[in-house]
Amino acid sequence: AQSVTQLGSHVSVSEGALVLLRCNYSSSVPPYLFWYVQYPNQGLQLLLKYTTGATLVKGINGFEAEFKKSETSFHLTKPSAHMSDAAEYFCAVSSSSGSARQLTFGSGTQLTVLP
Amino acid sequence: DTGVSQNPRHKITKRGQNVTFRCDPISEHNRLYWYRQTLGQGPEFLTYFQNEAQLEKSRLLSDRFSAERPKGSFSTLEIQRTEQGDSAMYLCASSLPFGGQETQYFGPGTRLLVL
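Chains D and F, in that order, are what the protein sequence lines are.
Position in the first sequence counted from 1, then plus 36, gives you my numbering.
By my numbering, the letter at position 29 of the second sequence is numbered 22, and the numbering carries on one by one without gaps.
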């Protein structure tokens, strides 16, 4: 069984400040990890993913995340927030073994960027 | 590549009515997933297809729900005898696994409101 916990359902930062969105996962097999962003009334857009290899993953729009196996974490960061980053962010995990690849999502973090 | 499309984008129905949603995946993607997202929550897996075969169904998919992908291209999700608890966003995603890895691309979703 897999699960994802996103700490903080709402995060507010000032424009230009560091963005840090937390994600911890539980998985019985090596996980594949994803961050998606969702703008109001839209579907999910992939920001970045970790499958194998380098543990620091760079994504679109200046976001990056680091896979830390010892901490079972995959936190999302961005050095400088922009107003356009305001959205809901979802961390997700899928299995790396077997054929089933359905995603298990966290409950999301709403990011607000203050001017 | 036109992305994943879903129709309709919004549906309002009365309790007890049947509704059907359509998903057109990215061309040549052989996997297609359905998820349900309720307000304030992350998406939850419902079912997935490998080509035309429905390979897995979640316990969330009651017997009032049926999904098809008759020719391995578009898919439909039907809900019979809708209930107010069915009100949610229904998301479709498609993927083309390669080398044991897979990224799901999401459509804009169909928002269902059951009165």
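Cβ coordinates follow ideal geometry from the N, Cα and C atoms, glycine included.
Source: prediction; values computed, not measured.
Q) Can you name the residues that DSSP bridges to residue 24 of chain F? A) F/43 and F/88
Q) Quick one: complete beta strand (DSSP E) runs, 3+ long, within the stretch 74 to 102 of chain D? A) 80 to 86 and 92 to 94
**Q.** Interface residues of the stretch 93 to 108 of chain F facing chain D [CB-CB below 9 Å]
**A.** 93, 94, 95, 96, 97, 98, 99, 100, 101, 102 and 104
Q. Got a sec, what are the start and stop residues for the beta strand (DSSP E) residue 71 of chain F sits in?
A. 68 to 72
Q: Can you grab the Cα-Cα spacing for the pair residue 49 of chain F / residue 104 of chain F, in whole Å?
A: The straight-line gap from Cα to Cα measures roughly 23 Å.
**Q.** Supposed contact pair residue 128 of chain D and residue 152 of chain D - C-beta distance, whole angstroms, cut 8 Å
**A.** Since the first and last residues shown for chain D are 37 and 151, residue 152 of chain D lies out of range.
Q: Report the residue ranges of all beta strand (DSSP E) runs contained in full by the stretch 43 to 72 of chain D; include only those spanning at least 3 residues, in chain order.
A: 46 to 50, 55 to 57 and 60 to 62
(Q) Please classify residue 82 of chain F as buried or exposed, where buried requires at least 16 other C-beta atoms within 10 Å of its C-beta. (A) buried
Q | residue -3 of chain F versus residue 65 of chain F - alpha carbon distance | A | 14 Å
Q: Starting from the beta carbon of residue 136 of chain F, find every residue of chain D whose beta carbon is closer than 7 Å, and list them in chain order.
A: Shown here, chain F extends from -6 to 108; a query on residue 136 of chain F therefore has no answer.
Q) Do we get a CB-CB distance below 8 Å when we pair residue 38 of chain D with the residues of chain F? A) no
Q. Is the Cβ of residue 38 of chain F closer than 8 Å to any Cβ of chain D?
A. yes
Q. Using a C-beta to C-beta distance shorter than 8 Å, which residues of chain D count as neighbours of residue 84 of chain F?
A. 79 and 80
Q: Report yes if the CB atom of residue 139 of chain D is closer than 8 Å to the CB atom of residue 125 of chain D, and no otherwise.
A: no
Q) Does the pairing of the stretch 79 to 94 of chain D with the stretch 9 to 16 of chain F give three or more beta-carbon distances under 8 Å? A) no
Q) Under a CB-based cut-off of 8 Å, is residue 94 of chain D close to chain F? A) no
Q | Nearest-angstrom Cα separation, counted from residue 35 of chain F out to residue 122 of chain D | A | Whole-angstrom Cα-Cα distance: 17 Å.
Q.
Taking the beta carbon of residue 39 of chain F as the centre, do at least 16 other beta carbons fall within 10 Å, making it buried, or is it exposed?
A. buried
Q) From which residue to which residue does the beta strand (DSSP E) around residue 146 of chain D run? A) It spans 145 to 150 - the beta strand (DSSP E) in which residue 146 of chain D sits, taken as one unbroken run.
Q | Cβ distance (whole Å) where residue 62 of chain F is taken to contact residue 25 of chain F below 8 Å | A | With 8 Å as the limit, residue 62 of chain F and residue 25 of chain F qualify as a contact, their Cβ atoms being about 6 Å apart.
Q: To the nearest angstrom, report how far apart residue 97 of chain F and residue 86 of chain F are at their CA atoms.
A: 6 Å
Q | Beta-carbon spacing of residue 38 of chain D, residue 143 of chain D below 8 Å | A | no
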